[in-house]
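First comes the structure, then the notes that go with it.
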Amino acid sequence: MMNPLDSIWGTIISGFVLAIVLALIFKTPM
Amino acid sequence: MEFILGIERWIHFLAGITWIGLLYYFNFVQVPAMAKAAADKDGPGPAAIGKYVAPLALVWFRWAALVTWLSGAAYLESAPHLSLVDAFLLRGGSQIIGVGAWLGTIMLFNVWVLIWPNQKKVLGMVPASDEEKNKARRVALLASRSNTAMSIPLLLFMGASAHGLPF
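Protein chains in written order, with the working numbering: chain A, 525 to 554; chain B, 1350 to 1516.
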């Protein structure tokens, strides 16, 4: 299986997915 | 206090842009350019990039990473509404910036523990066999790509600490 980090687009998409996941986890009133 | 805080934020932005700018240079420019140069049998090859460009880029890259972390930690300690401990424990009003601080800390670890020692082998700054070089190249690339991916949520959370998350 190919590592998504081998492709620059895989890296960017992974980053955005990580951002959304973290934002949903930490979506708390400030 | 406001003055110190402003200076710390300013240094943090300057060093952070230097660090992440060079990270993007490595990932978006140097790595693909070196692969292209290595594949071009009639061309000048990637040797000059490895000898003159990459070592200097790595100097600015790794020290900017350290200055970014230190100025960020200093800022968290001196800002009245934030705390370094709360940030790393993801507590209270420091929770959002804490997510960014964790990502930045993992990235600093990757720079100094995975990228820099392995790049020294790849660039021939320390002796290494061809097999060791290939392994080092793989570890350094994956750490560098991980940092590029992590920089995306990092910037979201750093900005969101003062301005809120977009969703």
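The C-beta atom is built at its ideal place from N, Cα and C for all residues, glycine as well.
The three-state reading of DSSP puts Pro1404(B) in helix, counting H, G and I together.
Under the three-state reduction of DSSP, Asn527(A) is assigned to coil, being neither helix nor strand. In the displayed model, Leu1457(B) falls within a helix according to three-state DSSP. Annotation for Ala1492(B): Asn1459, Leu1463 and Ile1464 place their beta carbon closer than 7 Å to its own, counting only its chain and skipping 5 residues before and after.
Of all C-beta pairs linking the stretch 1410 to 1425 of chain B to the stretch 1369 to 1387 of chain B, three or more are shorter than 8 Å, placing the two stretches in contact. Its chain contains Tyr1424, Ser1427 and Ala1428 as the residues whose beta carbon lies nearer than 8 Å to that of Leu1354(B), once the 5 sequence neighbours on both sides are disregarded; these appear in chain order. For the stretch 1432 to 1466 of chain B, residues whose beta-carbon sits nearer than 7 Å to a beta-carbon of chain A comprise Gly1442, Gln1444, Ile1445 and Val1448.
Note on His1430(B): under 16 other CB atoms within 10 angstroms of its CB, so exposed under the neighbour-count rule. The beta carbon of Ala1423(B) sits no closer than 9 Å to any beta carbon of chain A.
By the Cβ test, the stretch 533 to 549 of chain A is in contact with the stretch 1499 to 1512 of chain B, since at least three Cβ pairs between them sit closer than 8 Å. Distances from the alpha-carbon of Ile1398(B) to those of Ser1443(B), Pro1476(B), Val1471(B) and Ala1414(B) put Val1471(B) closest. DSSP places Asn1483(B) in the uninterrupted alpha helix (DSSP H) bounded by Asp1479 to His1512. A direct Cα-Cα distance of roughly 25 Å separates Thr1417(B) from Tyr1401(B).
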